[in-house]
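If you read the sequence shown in full-length UniProt numbering, its first letter stands for residue 1, the second for the next number, and so on.
Note that the Cβ used here is the ideal one computed from N, Cα and C, for glycine as well.
These numbers come from a predicted model, not from an experiment.
Taking it in order: structure first as structure tokens, then the write-up.
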Amino acid sequence: MGRQLRIQRPPIHNISDLRDRCFNIWYNLSPVIYQGLVASMPRRVEAVLRAKARAVRLADELIKLVYILDK
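This is the structure in structure tokens:
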């Protein structure tokens, strides 16, 4: 979508233009694009969950470190 927005003319002047063009691009995507997005969702969700798990582990380690340093 970003690539399509950059090549559009006339240039975007305000938020309303941006919103309208985004909707136009989104509603005119080909079915192949939709299929690719749907097919990639399990991988994307898994990546988010892995990142969240890493963040939780890091937070736990930081809490332990603060506790140790606070003694």
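Leaving out five residues before and five after ILE63 in sequence, what residues of the same chain have Cβ atoms less than 7 Å from its Cβ? none
At the level of alpha carbons, what is the spacing between VAL48 and MET1? 22 Å
CA nearest to the CA of ARG3, picked from ARG21, ILE15, SER16: ARG21
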